[in-house]
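Colleague: Residue numbers (this note's numbering): 14 to 285.
Ideal placement from N, C-alpha and C gives every residue a C-beta, glycine not left out.
Pasting in a structure now, in structure tokens, and then I'll have a few things to ask.
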Amino acid sequence: MKLFDVIGQSNYLPALRQARNDGICSLRADMTIVFTKKAELDSPWIVVPDSQRECLIPHSFLLPYFNIIAQDCFDCWKCVYRPPTLKKLFEVFEFQQKRGISAKCGIERRGYSGHKGGYGAFWYVPLGSGLKEAREYTKDLNKQLSGIGASVFLKRGCTEFENVFGPSDKWDHLREPFAEFEKGLRKYIVVENEVPLNTEAGKERELDVIQRWIIHAAEHGDPTYLEYKEKPFWAPSVTYNGSSHREEDYASTYRTAKAEGETADRPRIALV
């Protein structure tokens, strides 16, 4: 193996350089990789905090720049529900807030999820659980959700990983090689403004998200938004086919060119 190829096997700096240039992270003089957590004011999700999961680095750094699945993500199980209406989304929101376990709900904006424009709700099984525990968690959750007419399905990992590496039951051969690389990289990483992941930025942010849910519902033809707004955003169209309107009150102001002597092969509509 030639020198270039030997270096290429372990050189992570090209990808790191690109991440820095993209504003994902910054570098200190000692090559420490610095991530800064910021408030997500554009997020469409309301989150019940999860102190176990750290999704910033796996999603914004390890996957897009190094094409690896973080070790914790191999053991991440989640329950998913797709609320059909805004009203059902609010029912799920209230359920999640009362139960107080790791969860989120909101609007799905990812086109590659196959559900863009719809609503989504997620519950996160305690990190480190196996399939047995995850199934028991799902069964218990579905019993509780039956009261609001909802049910969840269980999945492993995030859609982003499935789109890159295929079905999640085919990932396990990647765990060991990814573990070694991630371990070597993690020792250079620090996170500034460290706070428990998925914490809400206050009641004001939550109310802003809810307002955007209602706007989204109106824009996407979900009539249940009117249960949360005094008046419609826009005036509804008046429909006339089969209505009680008198035709003589809406007589045509046009006449055909034939009345002016036009030949049949040159028809036209003329304004009066």
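Which whole runs of the alpha helix (DSSP H) in the region 155-232 are 4 residues long or more, in chain order?
Modeller: DSSP runs (the alpha helix (DSSP H)) wholly in the region 155-232: 172-178, 188-199, 216-232.
Colleague: Only counting the same chain, and skipping five residues up and downstream in sequence, which positions put a Cβ closer than 8 Å to that of SER142?
Modeller: Contacts found: ASP88, TRP90, TYR150.
Colleague: Quick check on ALA134: does DSSP put it in helix, strand or coil?
Modeller: Strand.
Colleague: Near GLN84, what residues of its chain come up, given a Cβ to Cβ distance below 8 Å and the 5 sequence neighbours on each side ignored?
Modeller: Excluding sequence neighbours, GLN84 sits near ARG188, PHE191, ALA192, GLU195.
Colleague: Please report the straight-line C-alpha distance between ILE20 and HIS233, rounded to a whole angstrom.
Modeller: Spanning the two alpha carbons is a distance of roughly 52 Å.
Colleague: In the DSSP assignment, find the beta strand (DSSP E) that holds CYS118 and state where it starts and stops.
Modeller: Start and end: 116-120.
Colleague: Starting from VAL61, trace the beta strand (DSSP E) in both directions and tell me its first and last residue.
Modeller: Note, VAL61: beta strand (DSSP E), 58-61.
Colleague: Can you list, in chain order, the residues of its chain whose CB lies under 7 Å from that of GLU6, leaving out five sequence neighbours each side?
Modeller: Beyond the ends of the chain as shown, which are 14 and 285, falls residue 6; an answer cannot be given.
Colleague: Leaving aside the five residues before and after THR172 along the sequence, list all residues of the same chain whose C-beta is less than 8 Å from its C-beta, in chain order.
Modeller: Cβ within range, chain order: ARG123, TYR125, SER126.
Colleague: Comparing the C-beta of LYS50 with each C-beta of chain C, is any distance below 8 Å?
Modeller: Any reference to chain C falls outside this structure, which holds one protein chain only.
Colleague: State whether the region 130-145 contacts the region 67-84, with contact taken as three or more CB pairs (one from each stretch) at a distance under 8 Å.
Modeller: The answer is no - the region 67-84 does not touch the region 130-145, with fewer than three Cβ pairs under 8 Å.
Colleague: Would you mind stating whether GLY113 and TRP58 have Cβ atoms separated by less than 8 Å?
Modeller: No, they are not a contact pair.
Colleague: What are the boundary residues of the alpha helix (DSSP H) that includes VAL105?
Modeller: Its alpha helix (DSSP H) spans residues 99-112.
Colleague: In whole angstroms, give me the CA-to-CA distance for ILE228 and TYR241.
Modeller: When rounded, the distance between both Cα atoms is 10 Å.
Colleague: Does the Cβ-Cβ distance between ILE37 and SER73 come in under 8 Å?
Modeller: Yes, the pair counts as a contact, with Cβ atoms nearer than the cut-off.
Colleague: Which of the three DSSP states is assigned to LEU40 in this structure?
Modeller: Of the three classes helix, strand and coil, the one that applies to LEU40 here is strand, per DSSP.
Colleague: Tell whether a beta-carbon distance below 8 Å holds between LYS168 and VAL93.
Modeller: Yes, the pair counts as a contact, with Cβ atoms nearer than the cut-off.
Colleague: Using only the alpha-carbon positions, how far apart do GLY215 and LYS50 sit?
Modeller: Each residue's Cα considered, the two are about 16 Å apart.
Colleague: What separation, rounded to the nearest whole angstrom, lies between the Cα atoms of VAL203 and TYR25?
Modeller: Distance between the alpha carbons of VAL203 and TYR25: 17 Å.
Colleague: State the start and end residues of the unbroken alpha helix (DSSP H) segment that holds PHE17.
Modeller: Where PHE17 is concerned, the enclosing alpha helix (DSSP H) stretches over 16-21.
Colleague: What number of angstroms, rounded off, separates the C-alpha of GLU67 from the C-alpha of LEU140?
Modeller: C-alpha separation (whole angstroms): 11 Å.
Colleague: According to DSSP, which residues form a beta bridge with TRP90?
Modeller: DSSP output for TRP90 lists ARG169 as bridge partner(s).
Colleague: Name the DSSP beta bridge partners of PHE79, please?
Modeller: Its beta-bridge partners do not exist; DSSP assigns none.
Colleague: How long is the line joining the alpha carbons of LYS101 and PRO249, rounded to whole angstroms?
Modeller: Roughly 24 Å between the two C-alpha positions.
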